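Student: Residue numbers (my numbering): 116 to 204.
Note that the Cβ used here is the ideal one computed from N, Cα and C, for glycine as well.
These numbers were taken from a predicted model, which means no experiment stands behind them.
1. Whose C-beta lies closer than 6 Å to the C-beta of residue 175 among residues of the same chain, with five residues either side of it excluded?
2. From 179, 170, 178 and 200, pick the residue whose C-alpha is nearest to that of residue 188; which is it?
3. Ends of the alpha helix (DSSP H) at residue 197?
4. Quick one: is residue 164 buried, meaning 16 or more other Cβ sit within 10 Å of its Cβ, or exposed?
5. According to the Cβ coordinates, are residue 137 and residue 172 closer than 8 Å?
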C-alpha cells in the first residue's frame, strides 16, 4: 500500500466521526435553544470529532474490522454525550 492509499484509508476511516460530530454541533443549538453555548462551534466540532474517533478506534480494536453498525451506534451516542458535556457549565 502506497502513502496515498494509506492517507485515503485513514481519511475515510475518520470521515464518519467528522461528519457526525459536525452535524451534532450544528443541530444542538436548534434543539436546545435556551441553553447558552459554552464553546464556539469549532471547539464543539473538535470535541465531538475526538470522541467519535476514539469510539471508531475502539470499535476497530474490539471487533477487528471497521464498519460494524454497533460501532456507528456507539459513535452517535459518544458524539451526543460529548455535545451534552460540552454544553454544560
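Tutor: For this structure:
1. 181
2. 170
3. Boundaries of the alpha helix (DSSP H) harbouring residue 197: 184-202, taken from the DSSP string.
4. buried
5. no
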